[in-house]
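>
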Amino acid sequence: MSENATENATENATDNVLRVGIGGPVGSGKTALIEALVPVLIARGHRPAVITNDIYTQEDAQHVRRTLAGVLDPERVVGVETGACPHTAVRDDPTMNLAAGAELLERFPDVDTLLYESGGDNLTLTFSPVLVDLFLFVLDTAEGEKMPRKRGPGITESDLLVINKIDIAQYVRADLGVMESDAHRVREGGPVALTNCLTGDGLEQIAAFLETFRKAAA
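The following block contains the structure:
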């Protein structure tokens, strides 16, 4: 890790910002989760900001700005073009994301929740503890009922596993009960949330989980 990254990590440990990583496969609904979660956090009195990761574009950042227009100041959404594999920028060398976070917090010192969205990756994705305090891993029912059983560090080591798109489970022959029980089993009882980001199902559970984590870490 670079010297600047080490300095940023030291600063992270002394402020009151909750840094949350959100990872998962391409198309699992990471961006949609952020767009649904931000209004819930604001309604609970929090002041969020968002950093997205794409390899060559800022497509996700632009999408978040459009979707949350009138809800979140677009200047509080920053896109990072990693130019590399998604896990590199959030785990192996998070320098770019640390710098983006430090710059954003300098402009908006009132931010108390910083959401980092990784680019879409596989089941091995995790976040560096230098970058985030905790991370969520997002699966979706369209990926198949068997996905939780495949394990992988993203599924087993994330602080909260999110099974998204519960509304289409019946159309892709995915049994939600099986997915949820398998998820709890491979995570040895670790928390699991079932969500529909279009209707808001499960979002209050996630917001409450983050608040509980924040209080425990205070």
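Residue 215, in this note's numbering, is where the sequence shown stops; the numbers in between run on with no holes.
For glycine and all other residues, C-beta sits at the position ideal for the given N, C-alpha and C.
Quick check on the DSSP output: the beta strand (DSSP E) that includes valine 159 runs from which residue to which?
157 to 161
> Pull up the DSSP beta-bridge partners for proline 45, would you.
Thr110
> Mapping DSSP to helix, strand and coil, what is alanine 215?
In the structure shown, alanine 215 adopts coil according to DSSP, grouped into three states.
> Does DSSP put valine 169 in a helix, a strand or coil?
helix
> Identify, in the order they occur along the chain, each residue of the same chain with its Cβ nearer than 8 Å to the Cβ of alanine 81, setting aside the five sequence neighbours on each side.
Ile52
> Which residue comes first and which comes last in the beta strand (DSSP E) that contains alanine 190?
189 to 191
> Going by DSSP, what residue range makes up the alpha helix (DSSP H) through leucine 151?
Before going on, a small fix: residue 151 reads as glycine here, not leucine. Note, glycine 151: alpha helix (DSSP H), 150 to 154.
> Measure from the alpha carbon of aspartate 198 to the alpha carbon of each residue in Pro22, Leu30 and Gly21, then state which is nearest.
Leu30
> Does DSSP put valine 135 in a helix, a strand or coil?
In this structure, valine 135 counts as strand in the three-state DSSP scheme.
> Whose C-beta lies closer than 6 Å to the C-beta of isoleucine 39 among residues of the same chain, with five residues either side of it excluded?
Short of 6 Å from the beta carbon of isoleucine 39, and not among the five residues preceding or following it, lies no beta carbon of its own chain.
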